[in-house]
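Okay, so here's the structure we're looking at.
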Amino acid sequence: MSESTLPPSLNQHVKILSGFAFSSVGFNQLEGMPLIRIRDLANANTEVRFRGQYDAAYLIKNGDVLIGMDGDFEVHRWNGGDALLNQRVCKVEAATHQIDQDFLYWYLKPKVAEIHRRTPQTTVRHLSTKDLFAIPMPPMGAEEQAVIGRVLDTLETAVRETEAVVAKLKLIKQGLLHDLLTRGIDENGELRSHQSETPHLYKGSPLGWIPQEWNCVALKERLKRTTYGFTNPMPTVDDGPWMLTAADISAGQIRYEQARRTTWKAFRQLSEKSRPQIGDVLVTKDGTLGRVAIVDRNDICVNQSVAVLSPRETHDANYLSIFLQSPVGQQIMLADSGGSTIKHLYITKLAEMVVPWPSTTEGEAIALRVSEMNGRLATEKDYLAKLTELKNGIVNELLTGSVRVTPLLTQK
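Numbering follows the working numbering, in which position 126 of the sequence shown is assigned residue number 197; successive positions increment by one, without gaps.
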């Protein structure tokens, strides 16, 4: 394609400012202006300051579009406050009315990612301003660009706000778990007051203060059996009982979608210890240690990387699972792991593990509180996944013009 037939590019429509090579003599962590380096872009958080004179042209404000010129070429919208633009980072801004500044951020992200993919790598990839100037012009005018920018900004804000809600709920859950497993729930359905406020409600134990009504017991006292799964090779088929390894258990759940399956014949030939029953608690004993899930169906078997804890009482499973997944439960479990290079959980030590144990009624109340919190967290996570999917799905369609926003132009 000759130069005369090349599609119009951003060349005359954007300004690119490459960062300045500030003298390291002025670098420090306490005085002067924050200095933006490539490593600071992702979190909008600077580590180094520059003390000395500088050209105001290199002063970056919130909302400026920045690109790392080495490595991954990622596009970011700065949100870390006033700072100086260091070398190997560039600022890109609209230079004519044909480019909307807010849209430019979204438009550059896939274009720069494409440049990164086609840039050969020797040691470290380098982005040239020439490559940025050569990016084709958007297929829509500035007015439509502005609407697209607002739509994508709105979706991005919704995603970020939902991420914040999820993060907050996780912190609340951590605090709730600590309170439930140290203070418990009284006969009125409320958390007991703190030990420092009502010491008569608590007693000392090997695990610290626990409610008077609770006991510290060896885990084996609450279990019918502690064992682990098969060690022999098993056939793999497309349909049949699930065959679980430690890799198939995470975040309190069995990941059936990734688990392999085996034949019914091989399944039936396994001993009972390799075929956990509904209500049994699974704990990963090899690989990533201490991940926990409750068995929710009978057509599964486990290999030797998974320990099977069978509670004496079915209703104990939920409380046991909650405790084992809690920070204190994880700490106790992992403290007893053995192995010089590859760590293991030994079922004999697991059975001897000391746990705080409430009454059946209180244990069920604790499990209900945690279940309600998990439900809230799952709802927000599901909403976040849908928002993210919507945003990712619509970005390319809007930026390429395959989906137009012209009806929204009259709603400004």
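Ideal Cβ positions, reconstructed from N, Cα and C, are used throughout, including at glycine.
- Spatial neighbours of Phe204 in its own chain (CB-CB distance under 8 Å, excluding positions within 5 residues in sequence) are listed in chain order as Ser80, Leu81, Asn82, Val85 and Ile87.
- Under the Cβ criterion (8 Å, minimum of three pairs), the stretch 453-472 counts as touching the stretch 172-184.
- Judged by DSSP secondary structure, Lys162 falls within the beta strand (DSSP E) whose first and last residues are Val160 to Ala165.
- Here Ser473 carries a coil assignment [DSSP, helix/strand/coil].
- Within the stretch 328-415, the runs of beta strand (DSSP E) at least 3 residues long that lie entirely inside it are, in chain order, 352-355, 363-365, 371-373 and 377-382.
- Exclusion of the five residues before and after Gly361 leaves Gln401, Met404 and Leu405 as the residues of its chain whose Cβ lies within less than 6 Å of its Cβ.
- Cβ neighbours of Asn389 within its own chain (closer than 6 Å, five residues either side excluded): Ala438.
- The three-state reading of DSSP puts His265 in coil, since its state is none of H, G, I, E or B.
- Pro105 is bridged by DSSP to Arg120.
- A straight-line Cα-Cα distance of about 26 Å links Thr419 and Phe338.
- In the structure shown, Asp319 falls within a helical segment according to DSSP collapsed to helix, strand and coil.
- When C-alpha distances from Lys336 are compared across Gly311, Asp357 and Gly323, the shortest belongs to Gly311.
- Here the alpha carbon of Glu328 sits roughly 47 Å from the alpha carbon of Ala165.
- When the Cα atoms are used, Asn157 and Ile107 turn out to be separated by approximately 6 Å.
- The way I'd put it, the stretch 365-380 does touch the stretch 297-304; three or more beta-carbon pairs between them come closer than 8 Å.
- Proximity of the stretch 350-361 to the stretch 307-321 meets the contact definition, three or more beta-carbon pairs being nearer than 8 Å.
- Measuring C-alpha to C-alpha distances from Leu278 to each of Pro270, Thr253, Glu258 and Arg263 identifies Thr253 as the nearest.
- Each of Val366, Ala378, Met424 and Leu416 was checked against the Cα of Phe394, and the nearest Cα belongs to Met424.
- For Phe98, the secondary structure class from DSSP, reduced to helix, strand or coil, is strand.
- Taking all protein chains shown into account, Gly90 has 16 or more neighbouring C-beta atoms within 10 Å of its C-beta and is therefore buried.
- In the three-state reduction of the DSSP assignment, Ser442 falls in the helix class, which pools H, G and I.
- When C-beta atoms of the stretch 194-213 are compared with those of the stretch 439-452, fewer than three pairs fall below 8 Å, so the two segments do not count as touching.
- When the Cα atoms are used, Asn133 and Tyr176 turn out to be separated by approximately 13 Å.
- Judged by DSSP secondary structure, Val183 falls within the alpha helix (DSSP H) whose first and last residues are Gln172 to Arg189.
- Around the C-beta of Ile256, 16 or more other C-beta atoms lie within 10 Å, and the residue is accordingly described as buried.
- Shown here, Val288 sits in a strand according to DSSP, grouped into three states.
- Distance from the CA atom of Ala289 to the CA atom of Ser95, rounded to whole angstroms, is 60 Å.
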